[in-house]
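Structure, as C-alpha coordinates:
Numbering (the working numbering), first residue to last: 955 to 1445.
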(Lines of atoms letter the chains of each structure in order from A and count residues from 1; the text may use other names and numbers.)
(Lines give C-alpha, C1' and ligand atoms only; values in the text may rest on other atoms or scores of the structure.)
Protein backbone atom coordinates (compact mmCIF):
# COMPACT_ATOMS: atom_id res chain seq x y z
CA UNK A 1 0.00 0.00 0.00
CA UNK A 2 1.76 3.16 -1.20
CA UNK A 3 0.99 6.20 0.96
CA UNK A 4 2.25 8.99 -1.33
CA UNK A 5 1.36 11.61 1.29
CA UNK A 6 2.33 15.22 0.76
CA UNK A 7 4.74 16.13 3.60
CA UNK A 8 3.77 18.59 6.31
CA UNK A 9 6.64 20.86 5.37
CA UNK A 10 5.62 20.85 1.71
CA UNK A 11 1.97 21.79 2.29
CA UNK A 12 0.45 21.27 5.74
CA UNK A 13 -3.11 21.86 4.57
CA UNK A 14 -2.79 19.39 1.70
CA UNK A 15 -1.10 16.85 4.01
CA UNK A 16 -4.07 17.07 6.39
CA UNK A 17 -6.70 16.67 3.65
CA UNK A 18 -4.88 13.72 2.07
CA UNK A 19 -4.33 12.01 5.41
CA UNK A 20 -7.98 12.21 6.48
CA UNK A 21 -9.02 10.58 3.18
CA UNK A 22 -6.18 8.03 2.83
CA UNK A 23 -6.43 6.89 6.46
CA UNK A 24 -10.12 6.13 5.83
CA UNK A 25 -11.43 8.63 8.38
CA UNK A 26 -13.83 10.59 6.17
CA UNK A 27 -14.56 11.75 2.65
CA UNK A 28 -16.55 14.45 0.91
CA UNK A 29 -20.14 13.55 0.09
CA UNK A 30 -22.58 14.25 -2.73
CA UNK A 31 -23.97 17.07 -0.56
CA UNK A 32 -21.82 20.19 -0.83
CA UNK A 33 -20.09 20.99 2.47
CA UNK A 34 -21.13 17.72 4.15
CA UNK A 35 -18.89 14.73 4.88
CA UNK A 36 -19.22 10.98 5.14
CA UNK A 37 -17.51 9.73 8.30
CA UNK A 38 -16.15 6.31 7.37
CA UNK A 39 -16.18 3.32 9.77
CA UNK A 40 -12.58 3.84 10.99
CA UNK A 41 -13.15 7.55 11.61
CA UNK A 42 -16.46 6.82 13.30
CA UNK A 43 -14.81 4.19 15.53
CA UNK A 44 -12.45 6.89 16.86
CA UNK A 45 -15.41 9.25 17.38
CA UNK A 46 -17.22 6.45 19.26
CA UNK A 47 -14.20 6.10 21.58
CA UNK A 48 -14.38 9.85 22.23
CA UNK A 49 -18.13 9.67 22.79
CA UNK A 50 -17.82 6.78 25.23
CA UNK A 51 -15.24 8.52 27.43
CA UNK A 52 -16.99 11.89 27.38
CA UNK A 53 -20.39 10.29 28.04
CA UNK A 54 -18.94 8.50 31.07
CA UNK A 55 -17.45 11.78 32.36
CA UNK A 56 -20.75 13.62 31.89
CA UNK A 57 -22.67 10.94 33.78
CA UNK A 58 -20.10 10.89 36.58
CA UNK A 59 -20.76 14.63 37.03
CA UNK A 60 -24.52 14.04 37.34
CA UNK A 61 -25.72 14.68 33.78
CA UNK A 62 -28.35 12.70 31.84
CA UNK A 63 -28.85 12.31 28.11
CA UNK A 64 -32.01 13.39 26.29
CA UNK A 65 -32.97 14.22 22.71
CA UNK A 66 -34.72 17.31 21.31
CA UNK A 67 -36.16 18.08 17.84
CA UNK A 68 -33.97 18.79 14.81
CA UNK A 69 -36.37 21.52 13.68
CA UNK A 70 -36.88 24.78 15.56
CA UNK A 71 -39.75 27.23 14.80
CA UNK A 72 -38.33 30.50 13.44
CA UNK A 73 -40.21 32.52 16.10
CA UNK A 74 -38.13 30.87 18.86
CA UNK A 75 -35.00 32.55 17.48
CA UNK A 76 -36.59 35.98 17.76
CA UNK A 77 -36.90 35.63 21.52
CA UNK A 78 -33.17 36.04 22.30
CA UNK A 79 -31.82 38.93 20.18
CA UNK A 80 -28.05 38.39 20.54
CA UNK A 81 -28.50 34.65 19.91
CA UNK A 82 -30.26 35.18 16.57
CA UNK A 83 -27.64 37.76 15.54
CA UNK A 84 -24.91 35.19 16.17
CA UNK A 85 -26.47 32.43 14.04
CA UNK A 86 -28.70 34.18 11.45
CA UNK A 87 -26.21 33.96 8.57
CA UNK A 88 -25.60 30.22 9.11
CA UNK A 89 -29.18 28.94 9.32
CA UNK A 90 -30.72 26.39 6.96
CA UNK A 91 -34.46 27.08 6.66
CA UNK A 92 -37.28 24.62 5.82
CA UNK A 93 -40.08 26.41 3.97
CA UNK A 94 -42.15 23.56 2.41
CA UNK A 95 -43.24 20.07 3.42
CA UNK A 96 -43.99 18.33 0.11
CA UNK A 97 -42.59 17.54 -3.34
CA UNK A 98 -44.48 16.65 -6.52
CA UNK A 99 -43.76 15.64 -10.11
CA UNK A 100 -43.73 18.57 -12.51
CA UNK A 101 -46.65 18.54 -14.93
CA UNK A 102 -44.29 18.92 -17.90
CA UNK A 103 -42.44 15.75 -16.84
CA UNK A 104 -39.18 17.64 -16.16
CA UNK A 105 -38.74 16.01 -12.73
CA UNK A 106 -39.52 16.62 -9.08
CA UNK A 107 -40.39 20.13 -7.88
CA UNK A 108 -41.35 21.71 -4.55
CA UNK A 109 -45.13 21.84 -4.25
CA UNK A 110 -45.94 25.58 -3.99
CA UNK A 111 -49.19 24.70 -2.16
CA UNK A 112 -47.23 22.98 0.63
CA UNK A 113 -45.73 26.11 2.18
CA UNK A 114 -45.31 25.92 5.95
CA UNK A 115 -47.27 28.39 8.06
CA UNK A 116 -44.08 29.08 9.98
CA UNK A 117 -40.63 28.27 8.64
CA UNK A 118 -38.52 25.80 10.58
CA UNK A 119 -34.79 26.25 11.26
CA UNK A 120 -32.56 23.15 11.09
CA UNK A 121 -30.84 23.38 14.47
CA UNK A 122 -27.51 25.25 14.47
CA UNK A 123 -27.59 24.74 18.29
CA UNK A 124 -30.49 23.85 20.56
CA UNK A 125 -30.76 26.54 23.27
CA UNK A 126 -34.09 27.87 22.00
CA UNK A 127 -35.99 24.57 21.63
CA UNK A 128 -34.54 23.26 24.89
CA UNK A 129 -35.41 26.35 26.91
CA UNK A 130 -38.94 26.31 25.53
CA UNK A 131 -39.14 22.71 26.86
CA UNK A 132 -37.56 23.59 30.24
CA UNK A 133 -40.44 26.01 30.90
CA UNK A 134 -42.68 22.94 31.26
CA UNK A 135 -40.15 20.95 33.33
CA UNK A 136 -39.18 23.57 35.93
CA UNK A 137 -41.54 25.02 38.52
CA UNK A 138 -39.80 24.66 41.88
CA UNK A 139 -36.32 24.64 43.46
CA UNK A 140 -36.93 20.85 43.78
CA UNK A 141 -36.63 20.59 39.97
CA UNK A 142 -33.13 22.08 40.06
CA UNK A 143 -30.40 21.68 39.06
CA UNK A 144 -31.50 20.27 35.70
CA UNK A 145 -28.43 18.71 34.05
CA UNK A 146 -29.11 17.54 30.47
CA UNK A 147 -26.81 16.54 27.60
CA UNK A 148 -27.75 15.78 24.00
CA UNK A 149 -25.72 13.87 21.37
CA UNK A 150 -26.84 15.18 18.00
CA UNK A 151 -26.03 16.60 14.58
CA UNK A 152 -26.24 20.32 13.82
CA UNK A 153 -26.22 22.38 10.63
CA UNK A 154 -24.38 25.68 10.18
CA UNK A 155 -24.18 26.75 6.54
CA UNK A 156 -20.54 27.04 5.47
CA UNK A 157 -19.17 28.29 2.17
CA UNK A 158 -15.60 27.03 2.64
CA UNK A 159 -15.40 23.61 4.26
CA UNK A 160 -12.67 21.21 5.44
CA UNK A 161 -13.22 17.66 6.64
CA UNK A 162 -13.83 17.57 10.42
CA UNK A 163 -12.65 21.17 10.94
CA UNK A 164 -15.49 23.02 9.24
CA UNK A 165 -18.45 21.28 7.63
CA UNK A 166 -22.05 22.36 7.09
CA UNK A 167 -23.34 19.40 9.13
CA UNK A 168 -21.33 18.03 12.03
CA UNK A 169 -21.79 15.77 15.04
CA UNK A 170 -21.46 17.04 18.58
CA UNK A 171 -22.77 16.96 22.11
CA UNK A 172 -24.44 19.94 23.72
CA UNK A 173 -25.09 20.24 27.44
CA UNK A 174 -27.83 22.55 28.71
CA UNK A 175 -28.26 23.09 32.45
CA UNK A 176 -30.54 25.14 34.71
CA UNK A 177 -29.65 26.28 38.25
CA UNK A 178 -31.16 28.07 41.21
CA UNK A 179 -28.27 30.50 41.69
CA UNK A 180 -25.72 32.42 39.64
CA UNK A 181 -22.82 30.85 41.57
CA UNK A 182 -24.05 27.31 40.84
CA UNK A 183 -24.31 28.06 37.12
CA UNK A 184 -20.81 29.58 36.99
CA UNK A 185 -19.45 26.55 38.90
CA UNK A 186 -21.11 24.26 36.33
CA UNK A 187 -19.63 26.15 33.37
CA UNK A 188 -16.17 26.00 34.95
CA UNK A 189 -16.58 22.33 35.85
CA UNK A 190 -17.39 21.41 32.23
CA UNK A 191 -14.41 23.36 30.93
CA UNK A 192 -12.31 21.25 33.32
CA UNK A 193 -13.98 18.03 32.11
CA UNK A 194 -13.06 18.97 28.52
CA UNK A 195 -9.51 19.82 29.57
CA UNK A 196 -9.18 16.48 31.39
CA UNK A 197 -10.45 14.63 28.31
CA UNK A 198 -8.17 16.51 25.88
CA UNK A 199 -5.06 15.96 27.98
CA UNK A 200 -5.62 12.44 29.34
CA UNK A 201 -7.35 10.80 26.38
CA UNK A 202 -6.38 12.82 23.32
CA UNK A 203 -2.87 13.53 24.71
CA UNK A 204 -3.35 17.19 23.70
CA UNK A 205 -2.20 19.89 26.15
CA UNK A 206 -4.67 22.78 26.33
CA UNK A 207 -4.80 26.27 27.77
CA UNK A 208 -7.93 27.07 29.76
CA UNK A 209 -9.30 30.57 29.59
CA UNK A 210 -12.21 32.90 28.93
CA UNK A 211 -13.15 34.51 25.64
CA UNK A 212 -13.21 38.27 25.07
CA UNK A 213 -16.65 39.87 24.78
CA UNK A 214 -16.54 39.88 20.95
CA UNK A 215 -15.53 36.19 20.81
CA UNK A 216 -18.18 34.97 23.27
CA UNK A 217 -20.97 32.59 22.30
CA UNK A 218 -24.08 34.48 21.11
CA UNK A 219 -26.19 35.09 24.22
CA UNK A 220 -23.52 34.20 26.81
CA UNK A 221 -22.26 36.41 29.65
CA UNK A 222 -19.02 34.40 29.84
CA UNK A 223 -17.48 31.78 27.56
CA UNK A 224 -14.86 29.41 28.96
CA UNK A 225 -12.69 27.56 26.46
CA UNK A 226 -9.77 25.21 25.95
CA UNK A 227 -7.25 26.14 23.25
CA UNK A 228 -4.80 23.74 21.62
CA UNK A 229 -1.82 24.39 19.34
CA UNK A 230 -1.46 22.42 16.12
CA UNK A 231 1.85 21.43 14.50
CA UNK A 232 1.63 24.23 11.93
CA UNK A 233 1.52 26.88 14.66
CA UNK A 234 -2.21 27.57 14.37
CA UNK A 235 -4.58 27.39 17.33
CA UNK A 236 -7.70 25.24 17.48
CA UNK A 237 -10.57 25.82 19.91
CA UNK A 238 -11.16 22.33 21.30
CA UNK A 239 -14.19 22.97 23.51
CA UNK A 240 -16.35 25.71 25.01
CA UNK A 241 -18.56 26.12 28.05
CA UNK A 242 -20.88 29.10 28.46
CA UNK A 243 -22.39 30.90 31.44
CA UNK A 244 -25.67 32.22 30.00
CA UNK A 245 -26.91 34.15 33.02
CA UNK A 246 -30.71 34.47 32.97
CA UNK A 247 -30.94 35.51 29.31
CA UNK A 248 -32.61 32.35 28.01
CA UNK A 249 -34.74 31.92 31.13
CA UNK A 250 -36.14 35.43 30.61
CA UNK A 251 -36.59 34.93 26.86
CA UNK A 252 -38.57 31.71 27.40
CA UNK A 253 -40.11 32.62 30.78
CA UNK A 254 -38.48 29.79 32.77
CA UNK A 255 -39.15 30.57 36.44
CA UNK A 256 -38.95 28.61 39.68
CA UNK A 257 -40.24 29.10 43.22
CA UNK A 258 -37.33 29.23 45.69
CA UNK A 259 -37.26 27.63 49.18
CA UNK A 260 -38.31 31.03 50.51
CA UNK A 261 -41.34 31.06 48.19
CA UNK A 262 -39.92 33.74 45.87
CA UNK A 263 -40.52 33.41 42.11
CA UNK A 264 -37.35 33.99 40.07
CA UNK A 265 -35.72 33.15 36.73
CA UNK A 266 -33.29 30.22 36.64
CA UNK A 267 -29.60 30.55 35.72
CA UNK A 268 -28.25 28.70 32.71
CA UNK A 269 -25.20 27.14 31.06
CA UNK A 270 -24.50 25.39 27.78
CA UNK A 271 -21.36 23.55 26.67
CA UNK A 272 -20.20 21.44 23.75
CA UNK A 273 -17.51 19.68 21.77
CA UNK A 274 -17.80 18.37 18.22
CA UNK A 275 -16.17 16.22 15.55
CA UNK A 276 -13.68 19.11 15.26
CA UNK A 277 -11.83 17.12 17.92
CA UNK A 278 -11.07 14.56 15.20
CA UNK A 279 -9.24 17.27 13.27
CA UNK A 280 -7.34 18.27 16.41
CA UNK A 281 -6.31 14.66 17.02
CA UNK A 282 -4.99 14.25 13.47
CA UNK A 283 -3.09 17.55 13.44
CA UNK A 284 -1.51 17.29 16.89
CA UNK A 285 0.20 13.90 16.65
CA UNK A 286 0.35 12.64 13.07
CA UNK A 287 3.46 12.62 10.88
CA UNK A 288 4.50 12.24 7.24
CA UNK A 289 3.89 8.46 7.45
CA UNK A 290 0.28 8.86 8.48
CA UNK A 291 -1.91 8.99 11.58
CA UNK A 292 -0.47 8.63 15.08
CA UNK A 293 -3.21 7.71 17.57
CA UNK A 294 -2.97 7.83 21.37
CA UNK A 295 -3.69 4.34 22.79
CA UNK A 296 -6.58 5.65 24.92
CA UNK A 297 -8.58 6.50 21.77
CA UNK A 298 -7.25 4.04 19.18
CA UNK A 299 -10.01 1.64 18.00
CA UNK A 300 -7.29 -1.03 17.69
CA UNK A 301 -4.44 -0.59 20.17
CA UNK A 302 -2.52 -3.56 18.77
CA UNK A 303 -2.57 -5.24 15.38
CA UNK A 304 -1.06 -8.71 14.88
CA UNK A 305 0.19 -9.54 11.37
CA UNK A 306 1.11 -13.16 10.51
CA UNK A 307 3.99 -13.77 8.08
CA UNK A 308 4.14 -17.09 6.21
CA UNK A 309 4.67 -18.71 2.81
CA UNK A 310 3.14 -22.18 3.23
CA UNK A 311 -0.04 -23.41 4.88
CA UNK A 312 1.84 -25.41 7.51
CA UNK A 313 3.73 -22.23 8.49
CA UNK A 314 0.43 -20.40 8.83
CA UNK A 315 -0.90 -23.12 11.13
CA UNK A 316 1.98 -22.66 13.61
CA UNK A 317 1.94 -18.82 13.36
CA UNK A 318 -1.88 -18.73 13.66
CA UNK A 319 -1.80 -20.69 16.92
CA UNK A 320 0.74 -18.31 18.52
CA UNK A 321 -1.09 -15.21 17.22
CA UNK A 322 -4.51 -16.30 18.48
CA UNK A 323 -3.12 -17.26 21.86
CA UNK A 324 -1.42 -13.85 22.17
CA UNK A 325 -4.62 -12.07 21.09
CA UNK A 326 -6.56 -13.92 23.81
CA UNK A 327 -4.00 -13.00 26.48
CA UNK A 328 -3.95 -9.33 25.46
CA UNK A 329 -7.73 -9.09 25.36
CA UNK A 330 -7.90 -10.54 28.86
CA UNK A 331 -5.85 -7.49 29.96
CA UNK A 332 -8.36 -5.12 28.33
CA UNK A 333 -6.23 -4.40 25.26
CA UNK A 334 -8.11 -3.82 21.98
CA UNK A 335 -6.49 -6.21 19.48
CA UNK A 336 -7.00 -6.91 15.79
CA UNK A 337 -5.59 -10.06 14.21
CA UNK A 338 -5.25 -9.43 10.46
CA UNK A 339 -5.12 -12.89 8.91
CA UNK A 340 -6.47 -11.81 5.50
CA UNK A 341 -4.79 -13.76 2.71
CA UNK A 342 -5.69 -11.13 0.11
CA UNK A 343 -2.93 -8.71 1.14
CA UNK A 344 0.79 -9.19 1.74
CA UNK A 345 2.42 -8.41 5.12
CA UNK A 346 4.27 -5.37 3.70
CA UNK A 347 0.97 -3.89 2.47
CA UNK A 348 -0.56 -4.45 5.91
CA UNK A 349 2.43 -2.84 7.67
CA UNK A 350 1.94 0.25 5.53
CA UNK A 351 -1.81 0.29 6.14
CA UNK A 352 -1.54 0.16 9.92
CA UNK A 353 1.25 2.74 9.97
CA UNK A 354 -1.03 5.02 7.91
CA UNK A 355 -3.96 4.33 10.27
CA UNK A 356 -1.89 5.09 13.36
CA UNK A 357 -2.31 1.80 15.27
CA UNK A 358 -0.07 2.28 18.37
CA UNK A 359 1.59 -1.18 18.30
CA UNK A 360 2.14 -3.63 15.46
CA UNK A 361 3.20 -7.21 16.21
CA UNK A 362 4.57 -9.41 13.42
CA UNK A 363 4.91 -13.17 13.86
CA UNK A 364 6.66 -15.43 11.32
CA UNK A 365 7.91 -19.05 11.30
CA UNK A 366 11.35 -18.03 12.65
CA UNK A 367 9.67 -16.14 15.49
CA UNK A 368 7.66 -19.26 16.34
CA UNK A 369 10.91 -21.29 16.44
CA UNK A 370 12.68 -18.73 18.65
CA UNK A 371 9.65 -18.01 20.85
CA UNK A 372 9.71 -14.29 19.98
CA UNK A 373 7.64 -11.66 18.18
CA UNK A 374 8.63 -8.43 16.41
CA UNK A 375 7.04 -5.39 18.06
CA UNK A 376 6.91 -1.98 16.33
CA UNK A 377 5.81 1.29 17.98
CA UNK A 378 3.93 3.79 15.83
CA UNK A 379 4.95 6.88 17.82
CA UNK A 380 8.73 6.34 17.58
CA UNK A 381 8.82 3.81 14.67
CA UNK A 382 11.19 1.69 16.82
CA UNK A 383 11.18 -2.09 16.39
CA UNK A 384 12.38 -4.79 18.77
CA UNK A 385 12.12 -8.54 19.30
CA UNK A 386 10.41 -9.62 22.52
CA UNK A 387 10.26 -13.09 24.09
CA UNK A 388 6.75 -14.55 24.10
CA UNK A 389 6.57 -14.72 27.89
CA UNK A 390 7.24 -10.95 28.14
CA UNK A 391 5.02 -9.70 25.31
CA UNK A 392 1.79 -9.12 27.26
CA UNK A 393 3.53 -7.27 30.09
CA UNK A 394 5.49 -5.18 27.56
CA UNK A 395 2.38 -4.21 25.57
CA UNK A 396 0.42 -3.26 28.71
CA UNK A 397 3.27 -1.01 29.91
CA UNK A 398 3.67 0.51 26.42
CA UNK A 399 0.06 1.70 26.42
CA UNK A 400 0.86 4.23 29.17
CA UNK A 401 4.32 4.93 27.79
CA UNK A 402 3.09 5.81 24.29
CA UNK A 403 0.20 7.90 25.66
CA UNK A 404 2.62 9.79 27.89
CA UNK A 405 5.20 10.23 25.13
CA UNK A 406 2.63 11.77 22.75
CA UNK A 407 1.47 14.20 25.43
CA UNK A 408 5.03 15.25 26.38
CA UNK A 409 5.93 15.73 22.72
CA UNK A 410 2.89 18.01 22.24
CA UNK A 411 3.72 19.97 25.44
CA UNK A 412 7.29 20.44 24.21
CA UNK A 413 6.05 21.65 20.80
CA UNK A 414 3.73 24.16 22.47
CA UNK A 415 6.49 25.45 24.78
CA UNK A 416 8.85 25.93 21.82
CA UNK A 417 6.12 27.80 19.94
CA UNK A 418 4.85 30.12 22.67
CA UNK A 419 6.40 33.61 22.61
CA UNK A 420 5.96 36.67 24.83
CA UNK A 421 6.23 40.02 23.05
CA UNK A 422 6.25 43.64 24.19
CA UNK A 423 5.65 45.58 20.96
CA UNK A 424 3.24 45.34 18.04
CA UNK A 425 6.15 45.24 15.58
CA UNK A 426 7.63 42.25 17.39
CA UNK A 427 4.18 40.66 17.49
CA UNK A 428 3.77 40.89 13.70
CA UNK A 429 7.31 39.64 13.12
CA UNK A 430 6.85 36.56 15.35
CA UNK A 431 3.42 35.85 13.86
CA UNK A 432 4.78 35.77 10.29
CA UNK A 433 8.11 34.06 10.96
CA UNK A 434 7.20 31.56 13.68
CA UNK A 435 3.47 31.58 14.42
CA UNK A 436 2.28 29.68 17.47
CA UNK A 437 0.84 31.19 20.65
CA UNK A 438 1.83 34.77 21.41
CA UNK A 439 1.34 36.34 24.84
CA UNK A 440 0.98 40.11 24.74
CA UNK A 441 -0.65 42.99 26.60
CA UNK A 442 -4.01 44.26 25.27
CA UNK A 443 -5.94 47.28 26.52
CA UNK A 444 -9.26 45.44 26.77
CA UNK A 445 -11.07 47.34 24.00
CA UNK A 446 -12.95 45.78 21.10
CA UNK A 447 -11.49 48.47 18.78
CA UNK A 448 -7.89 47.34 19.44
CA UNK A 449 -8.90 43.68 19.17
CA UNK A 450 -10.54 44.32 15.77
CA UNK A 451 -7.53 46.32 14.53
CA UNK A 452 -5.17 43.44 15.36
CA UNK A 453 -7.53 40.92 13.74
CA UNK A 454 -7.95 42.97 10.53
CA UNK A 455 -4.25 43.74 10.16
CA UNK A 456 -2.76 40.35 11.10
CA UNK A 457 -5.60 37.73 10.99
CA UNK A 458 -4.62 36.82 14.57
CA UNK A 459 -7.33 36.69 17.23
CA UNK A 460 -7.34 36.65 21.01
CA UNK A 461 -7.74 32.94 21.64
CA UNK A 462 -8.42 33.41 25.34
CA UNK A 463 -7.61 35.30 28.50
CA UNK A 464 -5.68 32.48 30.27
CA UNK A 465 -7.04 31.46 33.67
CA UNK A 466 -3.71 30.25 35.02
CA UNK A 467 -1.55 33.07 33.67
CA UNK A 468 0.15 35.52 35.99
CA UNK A 469 -1.71 38.81 36.37
CA UNK A 470 1.01 41.29 35.54
CA UNK A 471 0.07 44.87 34.66
CA UNK A 472 1.66 46.53 31.66
CA UNK A 473 0.83 48.57 28.57
CA UNK A 474 -1.05 47.49 25.43
CA UNK A 475 1.34 46.59 22.60
CA UNK A 476 -0.80 48.56 20.11
CA UNK A 477 -2.12 51.65 21.91
CA UNK A 478 0.22 51.99 24.91
CA UNK A 479 -2.84 52.21 27.18
CA UNK A 480 -2.84 50.38 30.54
CA UNK A 481 -3.33 46.58 30.43
CA UNK A 482 -4.18 44.37 33.42
CA UNK A 483 -2.57 41.21 32.02
CA UNK A 484 -1.27 39.46 28.92
CA UNK A 485 -3.67 37.54 26.71
CA UNK A 486 -3.15 34.68 24.27
CA UNK A 487 -3.08 35.48 20.53
CA UNK A 488 -2.78 33.17 17.52
CA UNK A 489 -4.00 32.60 14.01
CA UNK A 490 -6.57 29.86 14.26
CA UNK A 491 -8.65 27.22 12.49
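Even glycine gets a Cβ: it sits at the ideal position worked out from N, Cα and C.
A check of alpha carbon separations from residue 1182 across 1172, 1171, 1156 and 1169 identifies 1156 as the nearest. Unbroken beta strand (DSSP E) runs of no fewer than 3 residues, entirely contained in the region 1152-1183, are found at 1161-1164 and 1176-1183, following chain order. The secondary-structure analysis by DSSP pairs residue 1372 across a beta bridge with 1391. Taking 9 Å as the cut-off, the Cβ atoms of residue 1395 and residue 1412 do not count as close. Fully enclosed beta strand (DSSP E) runs of no fewer than 3 residues occupy 980-982, 989-991, 1023-1025 and 1044-1048 of the region 975-1051, in order along the chain. The DSSP-derived three-state label of residue 1326 is strand. The criterion of a C-beta distance shorter than 9 Å is satisfied by residue 1442 and residue 1187.
Excluding residues up to 5 positions away in sequence, 1118 lie with their Cβ nearer than 8 Å to the Cβ of residue 1112 in the same chain. Here residue 1118 is bridged, per DSSP, to 1114. Shown here for residue 1326: same chain residues with a beta carbon closer than 7 Å to its own, the five before and five after excluded, namely 1339, 1340, 1341 and 1342 in chain order.
Rounded to whole angstroms, residue 1303 and residue 1015 show a C-alpha spacing of 42 Å. Here residue 1128 is buried, its C-beta having at least 16 other C-beta atoms within 10 Å.
Its chain contains 1048, 1049 and 1050 as the residues whose beta carbon lies nearer than 7 Å to that of residue 1066, once the 5 sequence neighbours on both sides are disregarded; these appear in chain order. Where residue 1266 is concerned, the enclosing alpha helix (DSSP H) starts and stops at 1265-1284. Taking a C-beta distance under 9 Å as the contact criterion, residue 1201 and residue 1035 qualify as a contact pair. Residue 1082 is a Cβ neighbour of residue 1102, given a cutoff of 9 Å. No Cβ-Cβ contact shorter than 9 Å links residue 1227 with residue 1219. Cβ-Cβ distances below 6 Å link residue 1144 to 1195 and 1225 in the same chain, with the five nearest sequence neighbours on each side left out; the list follows chain order. Setting aside the 5 residues that flank it on each side, residue 1005 is surrounded in the same chain by 1151 and 1155, each with a C-beta closer than 7 Å to its C-beta; the list follows chain order. Looking only at 1258, 1310, 1307 and 1373, the smallest Cα-Cα distance to residue 1293 is reached by 1258. Rounded to whole angstroms, residue 1056 and residue 991 show a C-alpha spacing of 39 Å. Here residue 1231 carries a helix assignment [DSSP, helix/strand/coil]. If you check the CB distance, residue 1332 and residue 1247 come in under 9 Å. Residue pairing for residue 1250: DSSP places it in no beta bridge. Residue 1076 carries a coil assignment under DSSP once its states are collapsed to helix, strand and coil. For residue 1045, the CB contacts under 8 Å within the same chain, skipping 5 residues up- and downstream, are 1026, 1071, 1072, 1073 and 1074 in chain order. If you draw a straight line from the Cα of residue 978 to the Cα of residue 1255, it comes to about 17 Å. About 6 Å separates the beta carbon of residue 974 from that of residue 1236, a gap short enough to meet the 8 Å contact definition. Around the C-beta of residue 1090, 16 or more other C-beta atoms lie within 10 Å, and the residue is accordingly described as buried. CA-to-CA, the gap between residue 1269 and residue 1324 works out to about 16 Å. Under the three-state reduction of DSSP output, residue 1445 falls in the coil class, being neither helix nor strand.
For residue 1262, there is no enclosing alpha helix (DSSP H), since its DSSP letter is neither H nor E. In the displayed model, residue 1339 falls within a strand according to three-state DSSP. A distance below 7 Å between beta-carbons, with the five flanking residues on each side excluded, links residue 987 to the following residues of its chain, in chain order: 1110, 1113, 1119 and 1120. Distance from the CA atom of residue 1099 to the CA atom of residue 957, rounded to whole angstroms, is 46 Å.
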